[in-house]
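Engineer: Right, I'll just put the structure down here and ask away after.
Protein chains: 2
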Amino acid sequence: MMKTLQVALDERSYPIYIGDDLLSRPELLTSHIRGKEVLVVTNETVAPLYLQKLLDGLTNYRCEAVILPDGEEFKNLTVLNEIFDKTLASQFSRHVTMIALGGGVIGDMTGFAAACYQRGVPFIQIPTTLLSQVDSSVGGKTAVNHALGKNMIGAFYQPQCVIADTATLNTLDDRQLSSGLAEVIKYGLINDVAFFVWLEENISALRNRDQDILAEAIERSCRDKADIVAQDELEQGVRALLNLGHTFGHAIETGMGYGTVLHGEGVAIGMVMAAELSSAMDWIQVEDVERIKKLLLAAGLPISPPEVLSSEQFMNLMSVDKKVQNGKIRLILLKAIGQAIISDDYSPDKLAALLT
Amino acid sequence: MMKTLQVALDERSYPIYIGDDLLSRPELLTSHIRGKEVLVVTNETVAPLYLQKLLDGLTNYRCEAVILPDGEEFKNLTVLNEIFDKTLASQFSRHVTMIALGGGVIGDMTGFAAACYQRGVPFIQIPTTLLSQVDSSVGGKTAVNHALGKNMIGAFYQPQCVIADTATLNTLDDRQLSSGLAEVIKYGLINDVAFFVWLEENISALRNRDQDILAEAIERSCRDKADIVAQDELEQGVRALLNLGHTFGHAIETGMGYGTVLHGEGVAIGMVMAAELSSAMDWIQVEDVERIKKLLLAAGLPISPPEVLSSEQFMNLMSVDKKVQNGKIRLILLKAIGQAIISDDYSPDKLAALLT
Numbered sequence: 102m103m104k105t106l107q108v109a110l111d112e113r114s115y116p117i118y119i120g121d122d123l124l125s126r127p128e129l130l131t132s133h134i135r136g137k138e139v140l141v142v143t144n145e146t147v148a149p150l151y152l153q154k155l156l157d158g159l160t161n162y163r164c165e166a167v168i169l170p171d172g173e174e175f176k177n178l179t180v181l182n183e184i185f186d187k188t189l190a191s192q193f194s195r196h197v198t199m200i201a202l203g204g205g206v207i208g209d210m211t212g213f214a215a216a217c218y219q220r221g222v223p224f225i226q227i228p229t230t231l232l233s234q235v236d237s238s239v240g241g242k243t244a245v246n247h248a249l250g251k252n253m254i255g256a257f258y259q260p261q262c263v264i265a266d267t268a269t270l271n272t273l274d275d276r277q278l279s280s281g282l283a284e285v286i287k288y289g290l291i292n293d294v295a296f297f298v299w300l301e302e303n304i305s306a307l308r309n310r311d312q313d314i315l316a317e318a319i320e321r322s323c324r325d326k327a328d329i330v331a332q333d334e335l336e337q338g339v340r341a342l343l344n345l346g347h348t349f350g351h352a353i354e355t356g357m358g359y360g361t362v363l364h365g366e367g368v369a370i371g372m373v374m375a376a377e378l379s380s381a382m383d384w385i386q387v388e389d390v391e392r393i394k395k396l397l398l399a400a401g402l403p404i405s406p407p408e409v410l411s412s413e414q415f416m417n418l419m420s421v422d423k424k425v426q427n428g429k430i431r432l433i434l435l436k437a438i439g440q441a442i443i444s445d446d447y448s449p450d451k452l453a454a455l456l457t
Numbered sequence: 102m103m104k105t106l107q108v109a110l111d112e113r114s115y116p117i118y119i120g121d122d123l124l125s126r127p128e129l130l131t132s133h134i135r136g137k138e139v140l141v142v143t144n145e146t147v148a149p150l151y152l153q154k155l156l157d158g159l160t161n162y163r164c165e166a167v168i169l170p171d172g173e174e175f176k177n178l179t180v181l182n183e184i185f186d187k188t189l190a191s192q193f194s195r196h197v198t199m200i201a202l203g204g205g206v207i208g209d210m211t212g213f214a215a216a217c218y219q220r221g222v223p224f225i226q227i228p229t230t231l232l233s234q235v236d237s238s239v240g241g242k243t244a245v246n247h248a249l250g251k252n253m254i255g256a257f258y259q260p261q262c263v264i265a266d267t268a269t270l271n272t273l274d275d276r277q278l279s280s281g282l283a284e285v286i287k288y289g290l291i292n293d294v295a296f297f298v299w300l301e302e303n304i305s306a307l308r309n310r311d312q313d314i315l316a317e318a319i320e321r322s323c324r325d326k327a328d329i330v331a332q333d334e335l336e337q338g339v340r341a342l343l344n345l346g347h348t349f350g351h352a353i354e355t356g357m358g359y360g361t362v363l364h365g366e367g368v369a370i371g372m373v374m375a376a377e378l379s380s381a382m383d384w385i386q387v388e389d390v391e392r393i394k395k396l397l398l399a400a401g402l403p404i405s406p407p408e409v410l411s412s413e414q415f416m417n418l419m420s421v422d423k424k425v426q427n428g429k430i431r432l433i434l435l436k437a438i439g440q441a442i443i444s445d446d447y448s449p450d451k452l453a454a455l456l457t
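Chains as they are written, first to last, in our numbering: chain A, 102 to 457; chain B, 102 to 457.
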């Protein structure tokens, strides 16, 4: 069974296909490829598992593949250039379609490469991790990291379609699955308390990879995200809510060195920190903070920041994040479970206390 | 006296200010700066001449400057990253305005950096060469080069405004001035025979840097280009006419190594090659080819390709250019002076003969 979700962005609208074994249905893919040139971008972990299966469905195209090293620490301009090297060495024109086969790093890099190659070529996402299926496949944010900040160099660029094959989650290790669950839980916290409750009830089934439950979690997450993105594609306003946990989380990821703490792990810790600051401001009840921690722990996620990060490092790292406006850090905080707000109306002292 | 030309691109419309000593009028600039953060990007040649003057008008802003090496050979991802280094080290937010102070290379790199930094920040162009005043300041094409092709990595991204100060042309060397004249002559060839005739009459005055004549040439060039860009911002059709001479020219620039042949020199040679192929196809008269060569020579430009480039190298270099569609090279050719066409309807044998 396949679910189809349409992301509504005027002429940049596109479908997300969610279901079991969709890689065996190449027509989903080929109906979105214009021209005859295809570059598949994947990594060393995913290539042995799914690359051949993908290429088998594309025999009518001139296909090339570039296989990148696996990990957030390779999401930079230098490795991005390997995509351009391969595209140009293959003499692909501005009518090439780029396909991202992999997790969030591959999706972010392929999307950004597609946005820049000859000033823009079409691309398709085939996310193979839970994190990328619920997060980076919706919203068109593409980027690479800089040594001084995460996702600092990028573009808003929408894919032609997204194919989320839940069968690929069977090869995902437990830590990566949990990392994805952090983003799933985030949607409940932002504006969907019913989904949060559903997650509390189904967290074990999700960790046990029940395919139907996973598909439902992916669909609800993508729908929640797509609703927000459709209101604010370029993040001038409400879209910033999706950054819940991310300003803290990015600081942790950057400060620890990319790849040490997984993205979802950073977000999980960041959501707890956002909840604790919200609680210190009397915006959310202490019991709700405990409920959030309990669900994250049940999902196999960390809830405390690494002790090696000093509060000074933390503040410096948070200051370069994109949520800063004229020197003041805007944070996403919680008025309740299912009610996130964008705010710079918090006590700086309470933020400082949280970081020490 | 100052002329103002409006480039009409809906909500991305912007003004071009053309006139003498506009750097002494900072209000032109500041009326287009939002926020309080400014990064000036310039190069080693231009910085000693105009950077301080620019900064003197921006005392109310937190300004930083990054000074790049000068030359097309530095227009790559590695040097681009120096802009991001400086921006991040300065802890500039997504509300920073980037100002390009320099020629086409600085404009292209700053525009692309602005398009990518935190997925897009505002930028302003202050072109200080004739080439950049008549070409890269209109149209929103930004890019860096790749070892395998020129301008292969970039974005369409419009500035807030362009300030073309003709006084800056007084410090330009003769070869650079001539390089700019190649693009000026191009507009006459594409669709403005009256301008071509005017250029034949005024070419000496232009080389002698008559300020009024220069200002008129810049205004007419920008207007011609803006008219075409307004019809086709993303180069799906008619905008390709602006590439007259460029497919040949890029091959020469890339093949000789960036910086050996100036951009305008490559374009001049490329326009002669386009004219000669058009003449071989009986589309343009032999006398018109001679008229074109005569004007280019009078402008101080080369008209013959470097002999070291083999025809095979030429074809390979042209094949990676952006004008290729499903393996066939589309060229901009001439039906007459002032009547360029986009065509793949030429004889491949005649093209091959031209390259040998």
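Every residue, glycine too, gets a C-beta built ideally from N, C-alpha and C.
As the structure is a computational prediction, the values presented were derived from the model and not from experiment.
Using DSSP with H/G/I as helix, E/B as strand and the rest coil, what is B/P449?
Structural biologist: If DSSP states are grouped into helix, strand and coil, B/P449 belongs with the helices.
Engineer: Answer with yes or no whether the minimum CB distance from B/R220 to chain A is below 9 Å.
Structural biologist: True, the Cβ-Cβ gap to chain A drops below 9 Å.
Engineer: Is A/L106 near A/L231, with beta carbons less than 9 Å apart?
Structural biologist: Taking 9 Å as the Cβ cut-off, A/L106 and A/L231 do not qualify as a contacting pair.
Engineer: Should the region 188-202 of chain B be regarded as contacting the region 222-238 of chain A, the criterion being three or more beta carbon pairs within less than 8 Å?
Structural biologist: They do not touch, by the three-pair rule.
Engineer: Using a Cβ-Cβ cut-off of less than 7 Å, list which residues of the region 326-347 of chain A approach chain B; keep chain order.
Structural biologist: Here the close residues number zero.
Engineer: Report the option in A/L156, A/V339, A/M372 whose CA atom is closest to the CA atom of A/A352.
Structural biologist: Ranking the options by Cα distance to A/A352, first place goes to A/M372.
Engineer: Could you check where the alpha helix (DSSP H) with B/I207 kicks off and where it finishes?
Structural biologist: Counting along the chain, the alpha helix (DSSP H) containing B/I207 begins and ends at 205-217.
Engineer: Determine the contact status of B/L223 and B/I117, defining contact as a CB-CB distance below 9 Å.
Structural biologist: A quick correction: the sequence has Pro, not Leu, at residue 223 of chain B. Result no, Cβ atoms of B/P223 and B/I117 do not sit closer than 9 Å.
Engineer: What is the C-beta distance between B/E138 and B/T198, in whole angstroms, given that I count them as a contact (C-beta under 8 Å)?
Structural biologist: With 8 Å as the limit, B/E138 and B/T198 qualify as a contact, their Cβ atoms being about 7 Å apart.
Engineer: Quick one: is B/F185 near chain A, going by C-beta distance under 9 Å?
Structural biologist: Answer yes: the Cβ-Cβ gap between B/F185 and chain A drops below 9 Å somewhere.
Engineer: Ignoring anything shorter than 4 residues, give me the alpha helix (DSSP H) runs that lie fully in the region 297-355 of chain B, in order along the chain.
Structural biologist: Taking only runs of at least 4 residues, the alpha helix (DSSP H) segments lying wholly in the region 297-355 of chain B are 312-332.
Engineer: What are the boundary residues of the beta strand (DSSP E) that includes A/L435?
Structural biologist: Residues 432-437.
Engineer: Can A/E354 and A/T361 be called in contact, C-beta distance under 9 Å?
Structural biologist: In this structure, A/T361 lies closer than 9 Å to A/E354 by Cβ.
Engineer: For A/K394, which of helix, strand or coil comes out of DSSP?
Structural biologist: Reduced to three states, the DSSP call for A/K394 is helix.
Engineer: Go to B/G172, then tell me how far its alpha helix (DSSP H) extends in each direction, as first and last residue.
Structural biologist: Segment: none, B/G172 is in no alpha helix (DSSP H) and carries neither H nor E.
Engineer: Going by C-alpha to C-alpha distance, which of A/V108, A/V167, A/D157, A/R195 sits closest to B/E336?
Structural biologist: The residue with the shortest Cα to Cα distance from B/E336 is A/R195.
Engineer: Can you tell which of A/L435, A/K326, A/S322, A/E377 has the C-alpha that lies nearest to the C-alpha of A/A454?
Structural biologist: The candidate whose alpha carbon is nearest that of A/A454 is A/E377.
Engineer: Out of B/P406, B/V409, B/M374, which has the shortest C-alpha to C-alpha gap to B/E391?
Structural biologist: Minimum Cα distance to B/E391 is reached at B/M374.
Engineer: With DSSP collapsed to three states, give me the class of A/F185.
Structural biologist: DSSP places A/F185 in helix when its eight states are reduced to three.
Engineer: Report yes if the CB atom of B/M382 is closer than 9 Å to the CB atom of B/L434, and no otherwise.
Structural biologist: Result yes, Cβ atoms of B/M382 and B/L434 sit closer than 9 Å.
Engineer: Which partner residues does A/V263 have in the DSSP bridge list?
Structural biologist: DSSP output for A/V263 lists A/I117, A/Q226 as bridge partner(s).
Engineer: For A/D261, which residues in chain B fall below 9 Å Cβ to Cβ?
Structural biologist: A small fix is needed here, since residue 261 of chain A is Gln in this sequence, not Asp. Going along chain B, no residue has its Cβ under 9 Å from A/Q261, so there is no contact; the nearest lies around 16 Å.
Engineer: What number of angstroms, rounded off, separates the C-alpha of A/E320 from the C-alpha of A/I119?
Structural biologist: Going by the C-alpha atoms only, they are around 7 Å apart.
Engineer: Count the other CB atoms within 10 Å of the CB of A/T146; is the residue buried (16 or more) or exposed (fewer)?
Structural biologist: It is buried - the Cβ of A/T146 has at least 16 other Cβ atoms within 10 Å.
Engineer: Helix, strand or coil: how does DSSP classify A/V245 here?
Structural biologist: Here A/V245 sits in strand by DSSP.
Engineer: Can you confirm whether B/N182, when its beta carbon is compared against all beta carbons of chain A, has any partner nearer than 9 Å?
Structural biologist: Yes - at least one Cβ of chain A is within 9 Å of the one on B/N182.
Engineer: Hey, is A/F257's beta-carbon within less than 9 Å of any beta-carbon in chain B?
Structural biologist: Yes, contact with chain B.
Engineer: Please list, in chain order, the chain A residues whose beta carbon lies closer than 7 Å to that of B/Q192.
Structural biologist: Per Cβ cutoff of 7 Å: S420, V421.
Engineer: What number of angstroms, rounded off, separates the C-alpha of A/T87 from the C-alpha of B/L278?
Structural biologist: Since the first and last residues shown for chain A are 102 and 457, residue 87 of chain A lies out of range.
Engineer: Taking only beta-carbon positions, decide if B/C217 is within less than 9 Å of chain A.
Structural biologist: True, the Cβ-Cβ gap to chain A drops below 9 Å.
Engineer: In chain order, what residues of the same chain have a beta carbon less than 7 Å from the beta carbon of A/F86, not counting five sequence neighbours either side?
Structural biologist: Since the displayed chain A opens at 102 and closes at 457, residue 86 of chain A lies outside it and no answer follows.
Engineer: B/I54 lies in the beta strand (DSSP E); which residues open and close that run?
Structural biologist: Outside the shown range of chain B (102 to 457) lies residue 54 of chain B, about which nothing can therefore be said.
Engineer: How should A/N309 be labelled, buried or exposed, when 16 other C-beta atoms within 10 angstroms of its C-beta is the threshold for buried?
Structural biologist: Classification of A/N309: exposed, given that the 10 Å Cβ count is below 16.
Engineer: Does any residue of chain B have a CB that is nearer than 9 Å to the CB of A/L110?
Structural biologist: By this cut-off, A/L110 is not an interface position.
Engineer: Within 10 Å of its beta-carbon, does B/K436 have 16 or more other beta-carbons around it, so buried, or fewer, so exposed?
Structural biologist: B/K436 is exposed by the Cβ-count criterion.
Engineer: Could you work out which residue in B/A400, B/G338, B/Q386 is closest to B/E302 when comparing CA atoms only?
Structural biologist: Comparing Cα-Cα distances from B/E302 to each of B/A400, B/G338, B/Q386, the minimum goes to B/A400.
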